[in-house]
Every structure is written in structure tokens, then in C-alpha cells.
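Visitor:
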Amino acid sequence: MHHIYLGRQPIYNRKLALEAFELLYRKNDADGSAPADDAAGASRAILSALTEVGLPNLVDTRLAFIRIAPRFVLDGGLDSVQHAQLVLGIAADTAPDPALLPLLQRLRAQGRRFALDPYTDSPGSRTLLGVADFVKLDIAALPEAELRQLAPQLSAAGVRLMGGRIENRSALELCQGLGFHYLQGYFFSQPKLLRFRTIATHQAAILRLIGVLNDPQSSIREVEELVSQDVSLSYKLLRHINSAYFNLPNRVDSIRRAVILLGFNQIKSWATLISLANLDAARSDLTNTALVRAYMCEELARATGTGRAETAFTVGLLSVLDSLTQAPIEQIVASLPLAEDVVAALTTHSGPFGRLLACTLAYERGDWDAVDASGLPGPRVGEAYLGALALTHRATARMR
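Numbering follows this note's numbering, in which position 382 of the sequence shown is assigned residue number 1415; successive positions increment by one, without gaps.
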């Protein structure tokens, strides 16, 4: 028996808008170990999992980049795989099997798209360049001089350039200057913090709202009044509850009625989510990330008996506050009346909810060793992530 760890990492265009996802995966045996020499088997398992889960549930309408083992291609594994959103990554850092190139040429002629990932200036990479639509360069590993030499050569070859492992602003600006089409790396998921940055006035007001919504001492009446006073928030919440998803026989036209129908905790969660989106309207990808984390933490809490699944949801939801405000998370939570275990989870990943959040963040990064080290059951972790993606897909569709 085995299970699949399947995650995704965002890929941005040169204007820093979300453009695609790279799907990351590892096949684990029943004991939780990763098979060392079964790259083709892992490729087969991940494509089977994609068929089962449904690619749109993972990436919506965006492109999905996924690495495939050359041996899997040589064994005929791609003959029945064709999806307009799928870009298949082939490692090109070693000398390829002589039979690989003509096979890739045939598959490309049939409509498949390929990326060389990673690309190195080697005979193996140059041999396969003619079948590539995309080329991914490891920005952290290549010297700047080599990048400046390679980028124009590859652009002239007609491929679209991807920069992987962008870890700081100078690397980002270098890639933008060299005309890279796609950008990916740790830099994009982390807050670019200024330690004593002042939070903008409109953000401070929204944070106060989030604080009251998530204050354990807040009453239903206080939350109802608070939401009712925010015209944008009231409108979006009422639009949400009157959507086809709930299929209510009568239109809901008051926040009080919405609270009765949805429940206090659901109202707080949705109001918090909408408030997060208002912190930085240009970062809708982070709102999406917040929902995935929230649903995953919630499901892990249920699966592990951690308790208070709604608190786990809140922890996941608020975990993007530093990236949205560009301020340290410690500074933000110090101004919010949050429960102690929520503060501990957000600032130090400690306590039961911190453990769930740490596992969720590790899964998001594709750090499978850290996921294993969390001690949470592997199959349930993978299921929680896929479930979170599906719930997020449906939830964001209702919010549009």
C-alpha cells in the first residue's frame, strides 16, 4: 500500500500576477518511507491521482507544471496523457537516453507541452531544447554571469523562460530584467518585512475588525453590529448566503438572519476572510492561500482529535496576515485580542494548533521530510490538503 503527498507551488508572471502552479509530489509506502528508486512509479501514481482528483480542482483554469521521470516516458506512460493545462517537466541535467528525443518529438507533435526542468548548459539539455516550450533555470544555483549569458540564448531559441528558486528581491529583479516569463520561489510566499514598518491606516482599521471577529469574548450581538456597520462586508456576506450554493427558499436581507442561518462561527470565519481580502486587493492569491491553509488545519484538527476545529480554521486563515500587511506577525497579533493558543500557533508554531499549522506550511512548500516529522498520519495529511483545495475552489467561486 502507498499514499501520495501532492502539493502545489505558485508560479507568477513578470507582472507578479498568479499564472500557474507547479505540482509537487512524493509517493510514500505504507510505513511512510519514500521509495528511493521508483521515479517512474511515482510519475504513474501522480498522474493517476490527478485523474482522480481532477486538475481543475488543483489549479482552476491555470497551467499545471509537473515533473515526469524520463523512464516513465520511455515506458509509454504519456501515451494516454493529454490535457491542455498540463506542462510536463523533463529533467535535462544528464545525458538523455537516445530513444527519448524522438519519442518527445512525437508526443509534442500530438499536442503535449514540455518544460526542461532543470535546464543546465550541458549536452543533455541542449539535445532536448528543440522539444521544449518552457525552460526552467535554478536561479539560486547559477552564477549571475551564466544567467546573463544563457537567458538571451534561450529566448532566441523560442522557449519561455522560467526562474525557479527566487529567494530575494535582487534575484527577482535580475530575472525581470532578463525577460523571464515565469517566476517562482520562496520569495513570493514570504513577507518582505521592514521590522518597524507602520501598518497603513486602512489596514489598521481592518485589523481591528479582524481582532473583534476573533476575540473569544465577542458576543453574537457585537459581531452582528460590527459587520452591519461595514457596507462592503455586509454586501459580500449577504451575496454569499444568497448564492445558489445555499439554495435558500427566501432571500436573506439582514446580517441577523444570516447569523441565524449560517451560525456564529461561520459568520466570523467568512467575515474574517473577506476582511483579509480587503487588506490587499492586489494579492487575491494570498486570500486563496489563506483558505487552503484554513480548511487544511480544520480537517487535520478533526482527523487527529486536536479539538476546536473552528480555532484551527482561524489559525490557518490568519497565517497570511504578515504577507498581506508586510509587517511582522508578532507585531500584528500583539494588537489583536486573540486567544493565547492562537497567538502561540501563529508566532512560534507551538501548541496543538501550531503543530497543525507547521505541518500545513511544510506541505505547502513540498517539504515532505518536515511533514513526516510532524508525526501526523501521512494519508490523512494528503487527504486534508486535497480536500482543502476542493473546498477552496468552491468557496472562491461563490465569492466572485
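Note that the Cβ used here is the ideal one computed from N, Cα and C, for glycine as well. These numbers come from a predicted model, not from an experiment.
So, under 8 Å CB-CB, V1164 and M1195 are touching, yes? Tell me the CB distance rounded to an integer number of Å.
Guide: As a first step, residue 1164 must be located in the sequence shown, where it is residue number 131. As a first step, residue 1195 must be located in the sequence shown, where it is residue number 162. 16 Å between Cβ atoms; not a contact.
Visitor: With a threshold of 7 Å on Cβ separation, who are the neighbours of Q1209 within its own chain once the five nearest residues in sequence on each side are excluded?
Guide: Position 176 of the sequence shown, counted from the start, is the residue given in the question as residue 1209. Closer than 7 Å at Cβ, skipping near neighbours: R1047.
Visitor: Between A1128 and the rest of its own chain, which residues show a CB-CB distance below 7 Å, the 5 nearest in sequence each way excluded?
Guide: Counted from its first residue, the sequence shown places residue 1128 at position 95. So the list reads P1156, G1157, once near-sequence residues are dropped.
Visitor: Where G1040 and L1422 are concerned, what is the direct C-alpha to C-alpha distance, given to the nearest angstrom?
Guide: As a working note, residue 1040 is residue 7 in the sequence shown. As a working note, residue 1422 is residue 389 in the sequence shown. Straight-line Cα distance between these residues: approximately 10 Å.
Visitor: Among I1274, D1248, I1099, which one has its Cα closest to the Cα of A1430?
Guide: Against the sequence shown, residue 1430 aligns to sequence position 397. Nearest C-alpha to A1430: I1274.
Visitor: Can you tell me the Cα-Cα spacing of I1253 and R1290, whole angstroms?
Guide: Sequence index remark: in the sequence shown, residue 1253 carries index 220 (1-based). Sequence index remark: in the sequence shown, residue 1290 carries index 257 (1-based). I1253 and R1290: Cα-Cα distance of roughly 12 Å.
Visitor: So is V1260 buried or exposed if we call it buried at 16+ other beta carbons inside 10 Å?
Guide: Sequence index remark: in the sequence shown, residue 1260 carries index 227 (1-based). By the neighbour-count rule (16 or more Cβ atoms within 10 Å), V1260 is buried.
Visitor: Taking C-alpha atoms, which residue in W1303, A1417, Y1219 lies nearest to I1243?
Guide: Position 210 of the sequence shown holds residue 1243. Checking every option, the nearest Cα to that of I1243 belongs to W1303.
Visitor: On a Cα-Cα basis, can you pick out the residue from T1425, Y1396, L1424 that is closest to G1411?
Guide: In the sequence shown, counting from the first residue as 1, residue 1411 sits at position 378. The residue with the shortest Cα to Cα distance from G1411 is Y1396.
Visitor: Counting beta carbon pairs with one atom in the segment 1326-1339 and one in the segment 1384-1399, are three or more of them shorter than 8 Å?
Guide: Enough Cβ pairs lie closer than 8 Å, so yes.
Visitor: Would DSSP call E1055 helix, strand or coil?
Guide: Residue 1055 sits at position 22 when you count from the first residue of the sequence shown. Strand, per DSSP.
Visitor: Expressed to the nearest angstrom, what Euclidean distance is found between the alpha-carbon atoms of L1226 and S1267?
Guide: Walking along the sequence shown from the start, residue 1226 turns up at place 193. Walking along the sequence shown from the start, residue 1267 turns up at place 234. With a pLDDT of only 39 at L1226, under the threshold of 50, the placement of this residue in the model should not be trusted; the figure read from the coordinates follows. L1226 and S1267: Cα-Cα distance of roughly 32 Å.
Visitor: Using DSSP with H/G/I as helix, E/B as strand and the rest coil, what is G1420?
Guide: The residue labelled residue 1420 in the question sits at position 387 within the sequence shown. Correct three-state label for G1420: helix.
Visitor: Under a three-way DSSP split, which group does R1145 fall into?
Guide: Locating residue 1145 in the sequence shown gives position 112, counting from the first residue. Looking at R1145 - three-state DSSP - the assignment turns out to be coil, as it is neither helix nor strand.
Visitor: Would L1136 pass as an interface residue toward chain D - the criterion being a Cβ-Cβ separation below 7 Å?
Guide: Absence of chain D from the displayed structure is noted, only one protein chain being present.
Visitor: How should P1151 be labelled, buried or exposed, when 16 other C-beta atoms within 10 angstroms of its C-beta is the threshold for buried?
Guide: Against the sequence shown, residue 1151 aligns to sequence position 118. Classification for P1151: buried.
Visitor: Counting along the chain, where does the beta strand (DSSP E) carrying K1169 start and finish?
Guide: Locating residue 1169 in the sequence shown gives position 136, where the first residue counts as 1. 1167-1171 is the span of the beta strand (DSSP E), which, as asked, contains K1169.
Visitor: Given 8 Å as the limit, is there contact between the segment 1074-1081 and the segment 1138-1149, that is, 3 or more CB pairs closer than that?
Guide: Segments in contact, no.
Visitor: Using 10 angstroms around the beta-carbon of A1345, count the other beta-carbons present and answer buried if the total reaches 16, otherwise exposed.
Guide: For this step, residue 1345 is matched to residue 312 along the sequence shown. A1345 should be labelled buried.
Visitor: Between R1228 and A1360, what straight-line distance do the alpha-carbon atoms span, to the nearest angstrom?
Guide: Residue numbering aside, residue 1228 sits at position 195 when the sequence shown is read from its first letter. Residue numbering aside, residue 1360 sits at position 327 when the sequence shown is read from its first letter. Any reading at R1228 must be qualified, since the residue scores a pLDDT of 39, below 50, and its modelled position is unreliable; no value is offered.
Visitor: Report, in whole angstroms, the separation of the C-beta atoms of F1434 and Y1045, which I expect to be a contact under 8 Å.
Guide: There is simply no residue 1434 to check, as the chain begins at 1034 and stops at 1433 in what is shown.
Visitor: Going by DSSP in three states, N1046 sits in which element: helix, strand or coil?
Guide: By one-based count along the sequence shown, residue 1046 stands at place 13. Of the three classes helix, strand and coil, the one that applies to N1046 here is strand, per DSSP.
Visitor: Quick one: residues in its chain with C-beta nearer than 6 Å to the C-beta of V1245, no 5 flanking neighbours on either side, listed in chain order?
Guide: In the sequence shown, residue 1245 corresponds to position 212, counting from 1. Counting only Cβ-Cβ distances below 6 Å, and skipping sequence neighbours, we find S1251, L1259.
Visitor: Pop quiz: V1120 and A1102 are said to be a contact at Cβ under 8 Å. What is the actual Cβ separation, rounded to whole angstroms?
Guide: Against the sequence shown, residue 1120 aligns to sequence position 87. Against the sequence shown, residue 1102 aligns to sequence position 69. Actually they are not in contact, since the Cβ atoms of V1120 and A1102 sit about 16 Å apart, beyond 8 Å.
Visitor: How close, in whole Å, do the beta carbons of F1105 and G1122 come, if the pair is a contact with beta carbons under 8 Å?
Guide: Locating residue 1105 in the sequence shown gives position 72, counting from the first residue. Locating residue 1122 in the sequence shown gives position 89, counting from the first residue. Actually they are not in contact, since the Cβ atoms of F1105 and G1122 sit about 12 Å apart, beyond 8 Å.
Visitor: Might you give, ordered along the chain, the residues of its own chain that have their beta carbon closer than 6 Å to the beta carbon of D1171, omitting 5 neighbours on each side?
Guide: One-based indexing of the sequence shown puts residue 1171 at position 138. Within the same chain, D1171 has close Cβ partners P1151, G1197, R1198.
Visitor: Please state the DSSP three-state secondary structure of R1228.
Guide: Taking the first residue of the sequence shown as position 1, residue 1228 is located at position 195. Because R1228 carries a pLDDT of 39, less than 50, the predicted location of this residue cannot be relied on, and no value is offered for it.
Visitor: Would G1349 and R1316 be called neighbours here (beta carbons separated by less than 7 Å)?
Guide: As a working mapping, residue 1349 is identified with position 316 in the sequence shown. As a working mapping, residue 1316 is identified with position 283 in the sequence shown. Not in contact: G1349 and R1316 (Cβ atoms no closer than 7 Å).
Visitor: Less than 7 Å between the C-beta atoms of N1247 and L1371, yes or no?
Guide: Locating residue 1247 in the sequence shown gives position 214, where the first residue counts as 1. Locating residue 1371 in the sequence shown gives position 338, where the first residue counts as 1. Yes, the pair counts as a contact, with Cβ atoms nearer than the cut-off.
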